[in-house]
Amino acid sequence: MTYRQRLSLFIFIDSCIILTALLFSRLLVNSNFYSLIPLVISTIAILSSHLFFSFRLNLYKKAWEYASIGELIIILKTVTYSLIFTSLIQLIAFQTIYLKTLAVLWMVHLLVIGGSRFLWRIYRDNYLIHNNTKKRTLIIGAGSAGIMVVRQLQKSEDTDLCPVAFIDDSPVKQHLDILGVPVVGGVGEIEKHVDQLDIENIIIAIPSLNKDGIQQIFQECAKTNAKTKILPMLEDIVTGKVSVTQFRDVKVEDLLGRDPVNLDIEKISDYVKSQVVLVTGAGGSIGSEICRQIARFGPKKLILLGHGENSIHAIEMELREKFIADEIDISTEIADIQDEHKMEKIFNYYSPDVVYHAAAHKHVPLMERNPEEAVKNNMIGTYNVAKAARLSDTGTFVMISSDKAVNPTSVMGATKRLSEMIIQSMNGTGGTKFVAVRFGNVLGSRGSVIPIFTKQIASGGPVKVTHPEMVRFFMTIPEASSLVIQAGALTQGGEIFVLDMGEPVKIVDLARNLIKLSGYSLEDIKVEFSGIRPGEKLYEELLKDEEIHENQVYPKIYLGKTSEMYIEDIQEIINNYDAWDKEFLREQLLSLANNKGLIRSDEAISITS
């Protein structure tokens with residue numbers, strides 16, 4: 138039905154209602170008001186005034202299938218104003234006002250006009266609530282966000298979700314009906330009501346919830362077999378990036394409930410803006426996110442350096458599309474950090490002011506089987522990039538390290554620790570400030586447990602965990618990248634900054650929660666223990682005992698004390714790694730990284746030359 142057709146229909150219906158109301162009021166009130174001339178004048182007055190105020194108050198533009206208190210107020214105003222106008226006409230024409238008749242007319246007018254509008258809304262709401270083809274949905278949070286979700290779900294013809302109940306801890310809201318949806322209980326009763334109401338989906342609609350509250354709700358949701366979704370961020374809804382009904386799946390970030398990072402924007406801007414910034418490993422998880430965040434601060438030039446052409450091309454296209462209006466000068470370099478000559482050539486050409494060194498081999502089991510590649514990429518590669526930075530007078534060099542560098546039991550961790558020693562030894566040998574930033578696992582990075590678990594869940598399981606007591610520190614990729622950038626702005630040179638990773642997470646609990654929050658039970662998808670792999674530890678540390686320092690230089694950033702460096706021994710490893718067999722090389726790396734030293738070779742070369 139077109140708008141004109143709909144408008145004509147409502148005008149016709151309203152006119153019939155008003156005439157019926159006039160006749161009905163005549164039956165209830167015996168009055169001379171209905172002699173011919175007063176009847177005609179009053180009918181014309183009330184019809185014309187009703188139509189005038191209906192258009193004036195946009196009564197005919199309302200979608201009555203979604204009518205609420207706002208529409209009721211408009212009806213009340215329209216009826217009242219039109220009766221006031223009619224009474225004034227009566228006073229002018231007849232020097233009197235027929236109050237009893239008008240009072241009855243007002244009540245009948247309001248009742249029938251309002252009833253006709255809300256009848257469709259009542260029918261539609263009841264149809265939706267009892268429509269078994271839609272998925273019965275529990276809304277957690279009966280605040281403004283939850284009400285907005287219910288309103289949109291009731292309004293949308295495309296959604297397959299039907300809101301049947303609210304959960305809210307507020308005693309004031311308990312047992313109320315909001316938009317026809319009852320508030321059935323508090324968070325502690327989620328499991329009971331999911332079972333009683335045959336709930337298939339749960340939507341969490343409390344944007345302002347703190348991390349403790351989020352974790353409590355997740356724990357309750359995890360006891361059910363319902364699929365859990367979360368309301369998009371309010372800022373994304375307000376800016377139009379997403380609609381209120383575009384619910385997202387529960388992410389591991391939500392399970393951790395980490396507080397957002399508040400950066401010193403002014404300090405970072407002074408440090409990055411109008412500078413030439415080079416990022417190695419720019420196509421990787423951390424490297425690409427550093428590029429995204431650096432681009433926001435308006436560098437003079439951003440150089441994306443990486444070995445994989447596909448990943449470098451992807452981040453380049455993303456940045457060019459996102460920051461096209463900002464006119465950021467983006468350059469790409471496909472290069473291997475193991476190529477010393479190529480590194481020097483690139484640095485001489487661009488003369489970067491700031492370098493973020495994120496390129497590294499990071500997979501523990503792979504590096505156990507290929508220790509020589511770990512030495513080449515993590516140690517020699519780091520040395521090549523750091524040396525090139527020093528020779529080109531780079532201002533700041535930030536190396537991405539790992540918690541696996543602390544008391545390492547793996548080749549990967551050992552090479553990371555020795556790489557820290559390399560850049561620390563180079564600090565003070567020129568104008569470049571060298572700093573390492575150490576943190577734990579990042580969520581969702583390639584090869585991390587989260588994508589692996591998600592894939593295993595999607596394929597029906599089992600989800601494989603190495604050990605029931607395995608724990609790890611976790612941080613989101615954007616959070617880690619933000620703090621790395623902040624650390625670069627804070628450095629004086631030679632530090633090892635340690636990021637606050639929060640509380641360690643038990644991997645088996647993480648796996649079980651992911652299974653449950655994906656809508657499966659632990660009977661549907663099993664958790665299997667595969668055993669600790671070579672080089673793995675049950676738990677990670679961020680600092681050795683002798684490195685522990687209470688000095689917090691910025692929220693979530695701590696300064697670690699530097700321990701002894703073994704530069705001559707590192708030189709010997711670099712000279713001889715290719716001649717040693719894998720097992721002997723592994724033993725040498727672990728021995729040196731754990732401060733036990735090794736036998737020095739007469740063929741050692743000076744790494745600081």
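So that you can map any letter, position 286 of the sequence shown is 423 in my numbering, and since no number is skipped, the others follow by simple counting.
The C-beta atom is built at its ideal place from N, Cα and C for all residues, glycine as well.
As the structure is a computational prediction, the values presented were derived from the model and not from experiment.
Supposed close pair residue i, residue j - CB separation, criterion 8 Å
i: residue 634; j: residue 587; result: That pair is no contact at about 25 Å.
i: residue 368; j: residue 282; result: 6 Å
i: residue 632; j: residue 696; result: 6 Å
i: residue 401; j: residue 626; result: 7 Å
i: residue 753; j: residue 334; result: Not covered by the structure: residue 753. The range shown for the chain is 138 to 746.
i: residue 251; j: residue 209; result: 6 Å
i: residue 608; j: residue 664; result: The pair is not a contact, with the Cβ atoms about 15 Å apart (cut-off 8 Å).
i: residue 515; j: residue 553; result: 6 Å
i: residue 486; j: residue 415; result: The Cβ separation is near 11 Å, so there is no contact.
Residue i and residue j closer than 8 Å at C-beta
i: residue 642; j: residue 605; result: no
i: residue 570; j: residue 532; result: yes
i: residue 446; j: residue 471; result: yes
i: residue 465; j: residue 439; result: yes
i: residue 555; j: residue 707; result: yes
i: residue 719; j: residue 545; result: no
i: residue 387; j: residue 490; result: no
i: residue 242; j: residue 225; result: no
i: residue 648; j: residue 690; result: no
i: residue 215; j: residue 194; result: yes
i: residue 525; j: residue 481; result: yes
i: residue 437; j: residue 411; result: yes
i: residue 671; j: residue 458; result: no
i: residue 323; j: residue 304; result: yes
i: residue 522; j: residue 417; result: yes
i: residue 276; j: residue 354; result: no
i: residue 284; j: residue 316; result: yes
i: residue 196; j: residue 181; result: no
i: residue 301; j: residue 158; result: no
Extent of the continuous beta strand (DSSP E) to which residue i belongs
i: residue 499; result: Unbroken run through residue 499: none, as it is neither H nor E.
i: residue 521; result: Note, residue 521: premise wrong, no beta strand (DSSP E); alpha helix (DSSP H) at 518–528.
i: residue 571; result: 570–575
i: residue 695; result: 694–697
i: residue 578; result: 578–580
i: residue 466; result: 466–471
i: residue 338; result: 338–341
i: residue 709; result: No beta strand (DSSP E) contains residue 709, which is instead part of the alpha helix (DSSP H) from 704–713.
i: residue 274; result: 272–277
i: residue 322; result: 318–322
i: residue 601; result: 600–602
i: residue 634; result: 633–636
Closest by C-alpha distance to residue i, when choosing among the options
i: residue 154; options: 249, 624, 351 and 215; result: 249
i: residue 747; options: 523, 450 and 499; result: The requested residue 747 is not part of the displayed model; the chain covers only 138 to 746.
i: residue 403; options: 417, 434 and 426; result: 434
i: residue 306; options: 292, 280 and 315; result: 280
i: residue 630; options: 316, 486 and 572; result: 572
i: residue 178; options: 142, 227 and 521; result: 227
i: residue 549; options: 589, 723, 443 and 669; result: 723
i: residue 286; options: 247, 318 and 467; result: 318
i: residue 653; options: 160, 366, 347 and 714; result: 366
i: residue 568; options: 713, 534, 144 and 427; result: 534
i: residue 734; options: 520, 709, 185 and 714; result: 709
i: residue 185; options: 595, 430 and 148; result: 148
i: residue 448; options: 428, 159 and 460; result: 428
Extent of the continuous alpha helix (DSSP H) to which residue i belongs
i: residue 439; result: Looking at the DSSP string, residue 439 is not in any alpha helix (DSSP H); the run it does join, the beta strand (DSSP E), is 438–443.
i: residue 557; result: 548–563
i: residue 364; result: No alpha helix (DSSP H) contains residue 364, which is instead part of the beta strand (DSSP E) from 364–367.
i: residue 480; result: 477–487
i: residue 103; result: The first residue shown for the chain is 138 and the last is 746, placing residue 103 beyond what the model contains.
i: residue 627; result: 614–627
i: residue 231; result: 206–231
i: residue 591; result: 586–595
i: residue 453; result: 446–459
C-beta neighbour in chain B for residue i, strict 8 Å
i: residue 652; result: Looking at the structure shown, chain B is missing, and only one protein chain is on hand.
Checklist entry - Below 8 Å, can you find three or more Cβ-Cβ pairs linking the region 686–706 to the region 490–497? => result With the cut-off at 8 Å, the region 686–706 and the region 490–497 do not touch.
Next on the checklist: Closer than 8 Å is the cut-off here; do at least three beta carbon pairs connect the region 654–669 with the region 544–561?
Outcome noted: Contact between the region 654–669 and the region 544–561 is absent, because fewer than three Cβ pairs lie under 8 Å.
Checklist entry - Would the region 324–332 and the region 282–297 be scored as touching if the rule is three or more Cβ pairs under 8 Å? => result Not touching, per the Cβ criterion.
Item to check | Stretch pair the region 336–348 + the region 356–370: three plus CB contacts closer than 8 Å | outcome: At 8 Å Cβ cutoff, the stretches touch.
Item to check | the region 609–619 contacting the region 413–426, beta-carbon criterion three pairs below 8 Å | outcome: A contact is defined here as three or more CB-CB pairs under 8 Å, and the region 609–619 meets this definition with respect to the region 413–426.
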